[in-house]
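S.K.: Sending over a structure as structure tokens; questions will come in a sec.
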Amino acid sequence: MILVAESGSTKTDWRILGKEEHSFETIGLNPYFITSEDIKKELLPHTSLLTSEPIREVHFYGTGITDAQKGSIIQSGVQSILGENCHVYTYSDVIAAARSLFGNSNGIACILGTGSNSCYWDGTGISFQIPPLGFWLGDEGSGGHLGKSLVLAYLHKEMPLPIRSRFEEIYGAKDRLEILDHAYKQEKPNRYFAQYSIFLHQNQGDNWCKELILSSFHAFIEKYLIKYPQANSSAIGCVGSIAYHYSDLLGESFAHYGLKLSKVVQKPIDALCHFHRE
């Protein structure tokens, strides 16, 4: 049997592929923030499912897998449950996006979830990439960036009064020091700010909210997509919750730059399972 996992900032989708398909979820497993022992603890409740039949290989795609050392953290944690004879292959989240969107074909793959990323996929690997800069220096077009932009507009008193009132009805009056504490002292500020993107989704029919959303998507396109030599000749696809839930506005932003959004996938796991079954 084969085990396929796709891990984002919030949760990990696991699929066991055999005669029957089984699935379960754990928290997001980013090797920058967790240890092999943490992975073992997350998998322990699912031991009976994972060991009912031998799993010969694991394909783990995830945020934070930037080099072999980070991949080895995942490998050790998984093998502590499945044994060292199980082959564990680790891949970055952008490879997950590329394979789920294009398989063995080529195209520009984008991630718009809690964070953002992109690459040109030639059908077998990443042949060109504008490197992302993370939450504080980049992540344009992501949930983190949208939420941060919304909160900044609130703190700077740039929101129209009806939107500000609606915001405070949901979240209460926000104190500057509270926001700064989450931004600089608490863990995972990207996830904290990303939660506010839900407000924008609920109010995207409002012109001010719509323009803020489009501004974030425009920034992603300007800082990344239009710098790809293949931007006007290749298919462009996006994965992630933001791409999926804002697909209409994302398509509008693409059209503004003469680009076409070819495909949007909410969760890569289904397409990744299909890829590995073949």
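Residue numbers (the UniProt record's numbering): 1 to 278.
Glycine included, C-beta positions come from ideal geometry on N, C-alpha and C.
(1) Is the CB-CB distance between tryptophan 121 and glycine 141 below 9 angstroms?
(2) Do you know how far the Cα of tyrosine 89 is from the Cα of glutamine 75?
(3) Return the residue from the list Gln79, Tyr61 and Lys70 that minimises the CA-CA distance to valine 94.
(4) Taking Cβ positions only, does isoleucine 95 come closer than 9 angstroms to chain B?
(5) Spatial neighbours of glycine 172 within its chain, please: CB distance less than 7 angstroms, with the 5 preceding and 5 following residues excluded, ordered by chain position.
(6) Between glycine 143 and threonine 124, how many whole angstroms is the CB-CB distance? I'm expecting something under 8 angstroms.
(7) Alpha carbon to alpha carbon, what distance is there between isoleucine 242 and leucine 161?
(8) So the alpha helix (DSSP H) alanine 97 belongs to, where does it begin and stop?
(9) Nearest by alpha-carbon distance to glycine 134: which of His276, Lys263, Gln266 and Ser9 is it?
(10) In the DSSP output, which residue or residues are listed as bridge partners for asparagine 117?
(11) Buried or exposed, going by whether 16 or more other CB atoms sit within 10 Å of the CB of leucine 44?
(12) At a cut-off of 8 angstroms, would you count glycine 205 as near the ligand FMN, judging by its Cβ distance to the nearest heavy atom?
(13) Which partner residues of isoleucine 16 appear in the DSSP bridge assignment?
(14) Quick check on this structure: which residue in Thr63, Ala255, Glu21 and Ser253 has the alpha carbon closest to the alpha carbon of proline 240?
(15) How far does the alpha helix (DSSP H) with tyrosine 154 in it reach, from first residue to last?
(16) With a threshold of 16 other CB atoms inside 10 Å of the CB of phenylalanine 83, please say whether the residue is buried or exposed.
(17) Nearest-angstrom Cα distance between alanine 219 and cysteine 119?
(18) Restricting to Cα atoms, I'd like to know which of Tyr244, Tyr246, His245 and Leu225 is closest to isoleucine 236.
(19) Just the Cα atoms here: how many angstroms apart are phenylalanine 275 and lysine 19?
(20) Could you have a look at histidine 41 and say whether DSSP puts it in helix, strand or coil?
(21) Note down the Cα distance separating glutamate 53 from lysine 267, rounded to an integer number of angstroms.
(22) For lysine 210, which residues in the same chain have their Cβ closer than 8 angstroms to its Cβ, ignoring the five residues on either side in sequence?
(23) Can the beta-carbon of lysine 185 be found closer than 9 angstroms to that of leucine 155?
(24) Do isoleucine 39 and leucine 29 have their beta-carbon atoms positioned less than 9 angstroms apart in this structure?
M.R.: So, from the listed chains and residues:
(1) no
(2) 7 angstroms
(3) Tyr61
(4) The structure shown contains no chain B; it is built from a single protein chain.
(5) Cβ neighbours of glycine 172 beyond the five flanking positions: none.
(6) Wrong, their Cβ atoms sit about 30 angstroms apart, outside the cutoff.
(7) 26 angstroms
(8) 93-102
(9) Ser9
(10) Ile111
(11) Classification of leucine 44: exposed, given that the 10 Å Cβ count is below 16.
(12) As far as ligands go, the structure on display features none, and thus does not contain the ligand FMN.
(13) Bridge partners of isoleucine 16: Leu3 and His22.
(14) The residue asked about is misnamed: residue 240 is glycine in this sequence, not proline. Here the closest residue by C-alpha is Thr63.
(15) 143-155
(16) The question names phenylalanine, but residue 83 is glycine in the sequence shown. Burial is judged here by how many other beta carbons sit within 10 angstroms of a residue's own beta carbon; glycine 83 has fewer than 16 and is exposed.
(17) If you take the alpha carbons of alanine 219 and cysteine 119, they lie about 16 angstroms apart.
(18) Leu225
(19) 16 angstroms
(20) According to the sequence shown, residue 41 is lysine rather than histidine. Judged by DSSP in its simplified three-state form, lysine 41 adopts helix.
(21) Distance between the alpha carbons of glutamate 53 and lysine 267 is about 26 angstroms.
(22) Contacts found: Gln204 and Leu249.
(23) no
(24) yes
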